[in-house]
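> Below is the structure I would like to discuss, written out as structure tokens.
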């Protein structure tokens with residue numbers, strides 16, 4: 001039952017758009033991710049997705065308007081809502097969602113990341 | 001679909017041991033809580049419980065050893081594990097757990113808090 005220090009975990013990787021599982025909560029996973037530039041428009045049909053920004057400034061583009069988050073701000077993208085994150089510079093964020101959710105949702109493509117548990121104690 | 005600013009929400013209340021729901025994620029709830037002093041020993045038999053410390057220093061006493069968390073550190077108390085938070089001074093924390101979880105778990109008593117959605121936009 002390890003303590004997870006968010007800053008310590010973030011210092012362990014530098015790749016973008018590749019969420020790392022750092023803790024499990026029942027059948028949910030707590031992930032840390034670094035973001036830079038624009039992702040792809042996608043939808044998670046079966047689940048909400050929580051973004052909590054740790055460092056930097058993240059815009060989550062939605063079809064009916066954008067949401068911008070700074071450090072200490074969180075937003076839940078509802079299931080079925082198409083979204084596309086865009087990071088102005090380097091952004092670090094925490095994601096919380098059920099285990100098995102793929103980062104690119106229904107869109108697929110080259111930014112699709114494998115489940116990465118290398119930082120899970 | 002509102003943005004939740006953690007510091008802004010924390011500025012809106014001062015009572016201790018009374019978690020406020022600030023966001024929902026599927027059937028889970030994101031709560032903010034202020035803690036001071038010692039809580040009660042209790043267990044959640046059916047769920048893990050995530051603690052993320054925002055401000056201050058929180059010790060989670062466990063029967064086989066204590067865990068201490070500072071700002072930016074998180075810990076998941078596994079289901080069925082008896083625990084008792086103790087806050088050295090004022091602590092602010094985020095809790096994540098399924099909706100309906102009662103703060104005192106199986107212990108009950110006077111610190112049992114009603115579900116508080118007054119800060120949910």
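Chains as they are written, first to last, in the UniProt record's numbering: chain U, 1 to 121; chain Z, 1 to 121.
Don't be surprised by glycine CBs; every beta carbon is placed ideally from N, CA and C.
1. Within 8 Å (strictly less), CB to CB, does residue 61/U reach chain Z?
2. For residue 71/Z, which residues of its own chain have a beta-carbon under 7 Å away from its beta-carbon, when the five flanking residues on both sides are left out?
3. Can you tell me whether DSSP reads residue 10/U as helix, strand or coil?
4. Can you grab the Cα-Cα spacing for the pair residue 86/U / residue 62/U, in whole Å?
5. Would you mind telling me which residues of chain Z sit closer than 7 Å to residue 72/U, beta carbon to beta carbon, in chain order?
6. Inspect the beta-carbon positions of residue 49/Z and residue 95/Z and report whether they are closer than 8 Å.
7. List the endpoints of the continuous beta strand (DSSP E) containing residue 39/U.
8. List the residues that DSSP assigns as beta-bridge partners of residue 18/U.
9. At which residues does the beta strand (DSSP E) containing residue 55/Z begin and terminate?
10. Any C-beta of chain C sitting closer than 8 Å to the C-beta of residue 24/U?
11. Does any residue of chain Z bring its CB to less than 8 Å from the CB of residue 21/U?
12. Could you check whether residue 17/U and residue 107/U sit closer than 8 Å to each other, using their CB atoms as the reference points?
13. Under 8 Å Cβ to Cβ from residue 100/Z, same chain only, skipping five residues before and after it: list those, please.
14. Is it buried or exposed, residue 2/U, if we count other Cβ atoms within 10 angstroms and call 16 or more buried?
15. Near residue 9/U, which residues of its chain fall below 6 Å by C-beta distance, leaving aside the five closest residues on each side in sequence?
If we stick to the structure as given:
1. No, because no Cβ of chain Z sits closer than 8 Å to the Cβ of residue 61/U.
2. Closer than 7 Å at Cβ, skipping near neighbours: 53, 54 and 55.
3. Judged by DSSP in its simplified three-state form, residue 10/U adopts helix.
4. Cα to Cα, residue 86/U sits roughly 11 Å from residue 62/U.
5. The answer, in chain order, is 5, 6 and 7.
6. A contact, by the Cβ cut-off of 8 Å.
7. Segment: none, residue 39/U is in no beta strand (DSSP E) and carries neither H nor E.
8. Within the DSSP bridge table, the entry for residue 18/U names no partner.
9. Segment 49-55, the beta strand (DSSP E) holding residue 55/Z.
10. Protein chains in the displayed structure are U and Z, and chain C is not among them.
11. Cβ-Cβ to chain Z under 8 Å: no for residue 21/U.
12. Not in contact: residue 107/U and residue 17/U (Cβ atoms no closer than 8 Å).
13. Excluding sequence positions up to five before and after residue 100/Z, its CB lies within less than 8 Å of the CB of 115, all in the same chain and listed in chain order.
14. With a threshold of 16 other beta carbon atoms within 10 Å, residue 2/U falls short and is exposed.
15. The beta carbon of residue 9/U lies closer than 6 Å to those of 22, 32 and 119 in the same chain, with the five residues before and after it left out.
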